[in-house]
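Working notes for the structure below.
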Ligand code: FEO
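Written out as structure tokens, the structure reads:
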């Protein structure tokens, strides 16, 4: 049993078998579903784990309790990677009191039927629950990442149980830094809800936090301001890198040649951060994460079926549905006949806030020629300013 503090025990699991998290995201280093047992005069489990790990998790809970009665199950988030074993827990500990808010219990009924919970304690935003020396405060943080989400703060050890917030892809022991997989996770899963994340950060500002126990990824305990600052930047849709992210699709290599020329020109202009991504052969969530990380992006693609090449179209949808905003966008379009992709791309961003298109939209008729090479130089200069 891994002790996090004198009274807090980790009972979560690492998932190294998952192919796609949420059926959508590649997780080459697996996934962690974190769950905790807090021991005091009263005992509490904080969140459960994915359904496939029910028996292992229950064994962990039993061992952590050491034969003691379980008083509370605190449900911070009802998405199934954390809630799937609520009914299994209440079956084993029928007298446990399940703690949630009014939205939590509606979802519990939806997932498990109305008989899964015998004792329910419905809490309000800011309400407290004492386990003895550990006084818990429930902080409602809707849409981070579902409407019922709340975080739980333990004032005794200054631990914040943050639900999905500050989590990342990868098992807890994955040999990788936090930033890249936390950013990919953030923009994939809660990127759309920047306003709500910002509001949650505002609420958390008044708490003295020494450890963040997310439902995913490592327990954070050093330099917490750094992680909170990253969330402040991401939730405000601010770029992290002063550079250019070039996302492209290319059918026969001509658009790719244009992109390579642009990257070369940008570098020779002195732009240090230039990243090129072939959307058809790259991880979608990584491309989305990069588009948010850079201040300027270039979209290079072909006209296809009278519109935008499908991979690019889907990529742009992934950005706009996550409230992509406040960026400079350059466009390179390629079409041997009736090119329409540039206008179609602009139309896709019509409802996006503060998108500025680079003045030069490069048009390639099948393959690069002198005119399109010159336009690429102009685009590179515009993106260098
Ligand atoms: Fe990790 Fe929104 O569930």
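Residue numbers (the working numbering): 488 to 872. We put the CB at the ideal spot given by N, CA and C, even for glycine. As the structure is a computational prediction, the values presented were derived from the model and not from experiment.
Pick from the options: whose alpha carbon is nearest that of residue i?
{"i": "residue 525", "options": "540, 497 and 515", "result": "497"}
{"i": "residue 679", "options": "548, 728 and 804", "result": "804"}
{"i": "residue 713", "options": "698, 568 and 769", "result": "698"}
{"i": "residue 834", "options": "816, 822 and 576", "result": "816"}
{"i": "residue 646", "options": "725, 624 and 636", "result": "624"}
{"i": "residue 770", "options": "505, 511, 501 and 871", "result": "511"}
{"i": "residue 790", "options": "603, 742 and 842", "result": "742"}
{"i": "residue 830", "options": "666, 793 and 726", "result": "793"}
{"i": "residue 722", "options": "690, 677 and 832", "result": "677"}
{"i": "residue 724", "options": "578, 640 and 810", "result": "810"}
{"i": "residue 617", "options": "597, 558, 692 and 599", "result": "558"}
{"i": "residue 715", "options": "754, 726 and 691", "result": "691"}
{"i": "residue 808", "options": "636, 822, 674 and 508", "result": "674"}
{"i": "residue 613", "options": "642, 602, 594 and 597", "result": "642"}
{"i": "residue 709", "options": "665, 729 and 670", "result": "665"}
{"i": "residue 729", "options": "707, 636, 754 and 513", "result": "754"}
{"i": "residue 860", "options": "619, 566 and 752", "result": "752"}
{"i": "residue 640", "options": "668, 694 and 508", "result": "694"}
{"i": "residue 509", "options": "564, 554, 568 and 717", "result": "568"}
{"i": "residue 534", "options": "719, 718, 651 and 606", "result": "651"}
{"i": "residue 507", "options": "542, 772 and 620", "result": "772"}
{"i": "residue 523", "options": "542, 554, 555 and 490", "result": "490"}
{"i": "residue 633", "options": "663, 597, 865 and 564", "result": "564"}
Let me know if residue i comes out buried or exposed under the rule of 16 or more other beta-carbons within 10 Å of its beta-carbon.
{"i": "residue 488", "result": "exposed"}
{"i": "residue 739", "result": "exposed"}
{"i": "residue 540", "result": "buried"}
{"i": "residue 581", "result": "exposed"}
{"i": "residue 503", "result": "exposed"}
{"i": "residue 544", "result": "buried"}
{"i": "residue 824", "result": "exposed"}
{"i": "residue 494", "result": "buried"}
{"i": "residue 592", "result": "buried"}
{"i": "residue 602", "result": "exposed"}
{"i": "residue 707", "result": "buried"}
{"i": "residue 814", "result": "buried"}
{"i": "residue 857", "result": "exposed"}
{"i": "residue 768", "result": "exposed"}
{"i": "residue 689", "result": "exposed"}
{"i": "residue 761", "result": "buried"}
{"i": "residue 619", "result": "exposed"}
{"i": "residue 475", "result": "Outside the displayed span of the chain (488 to 872) sits residue 475, for which this structure offers no information."}
{"i": "residue 837", "result": "exposed"}
{"i": "residue 554", "result": "exposed"}
{"i": "residue 668", "result": "buried"}
For a quick check, are the C-beta atoms of residue i and residue j less than 7 Å apart?
{"i": "residue 763", "j": "residue 780", "result": "no"}
{"i": "residue 672", "j": "residue 653", "result": "no"}
{"i": "residue 799", "j": "residue 736", "result": "yes"}
{"i": "residue 840", "j": "residue 812", "result": "yes"}
{"i": "residue 687", "j": "residue 734", "result": "no"}
{"i": "residue 850", "j": "residue 820", "result": "yes"}
{"i": "residue 766", "j": "residue 802", "result": "yes"}
{"i": "residue 704", "j": "residue 862", "result": "no"}
{"i": "residue 795", "j": "residue 828", "result": "yes"}
{"i": "residue 649", "j": "residue 701", "result": "yes"}
{"i": "residue 608", "j": "residue 584", "result": "yes"}
{"i": "residue 560", "j": "residue 532", "result": "yes"}
{"i": "residue 855", "j": "residue 818", "result": "no"}
{"i": "residue 684", "j": "residue 626", "result": "no"}
{"i": "residue 587", "j": "residue 562", "result": "yes"}
{"i": "residue 756", "j": "residue 845", "result": "no"}
{"i": "residue 440", "j": "residue 571", "result": "Outside the displayed range of the chain (488 to 872) lies residue 440, so it cannot be described from this structure."}
{"i": "residue 599", "j": "residue 574", "result": "yes"}
{"i": "residue 748", "j": "residue 778", "result": "no"}
{"i": "residue 521", "j": "residue 661", "result": "no"}
{"i": "residue 566", "j": "residue 594", "result": "no"}
{"i": "residue 852", "j": "residue 776", "result": "no"}
{"i": "residue 644", "j": "residue 492", "result": "yes"}
{"i": "residue 514", "j": "residue 505", "result": "yes"}
{"i": "residue 871", "j": "residue 746", "result": "no"}
{"i": "residue 577", "j": "residue 610", "result": "no"}
Could you confirm whether any beta carbon from chain C is found closer than 7 Å to the beta carbon of residue i?
{"i": "residue 599", "result": "In the displayed structure, chain C is absent; only one protein chain is listed."}
If you measure from each CB to the nearest heavy atom of the ligand FEO and keep those under 7 Å, what residues do you get, in chain order?
Counting every residue whose Cβ lies closer than 7 Å to a heavy atom of the ligand FEO, we get 564, 566, 568, 569, 632, 633, 651, 654, 676, 702 and 703.
Runs of 3 residues minimum, wholly inside the region 724 to 809: which ones carry the beta strand (DSSP E) assignment?
Counting only unbroken stretches of 3 or more residues, the beta strand (DSSP E) elements lying wholly within the region 724 to 809 are 728 to 735, 760 to 765 and 781 to 791, in sequence order.
Which runs of the beta strand (DSSP E) at least 3 residues long sit entirely within the region 521 to 551? Give them in chain order.
Whole beta strand (DSSP E) segments, 3+ residues: 523 to 526 and 530 to 533.
Could you tell me which uninterrupted beta strand (DSSP E) segments, each at least 3 residues in length, are contained entirely in the region 601 to 680, listed from first to last along the chain?
Within the region 601 to 680, the runs of beta strand (DSSP E) at least 3 residues long that lie entirely inside it are, in chain order, 606 to 609, 615 to 617, 622 to 627, 637 to 641 and 646 to 648.
Report the start-end ranges of each alpha helix (DSSP H) in the region 566 to 605 that is 4 residues or longer and not cut off at the edges.
Qualifying alpha helix (DSSP H) stretches, in chain order: 567 to 570, 573 to 579 and 589 to 599.
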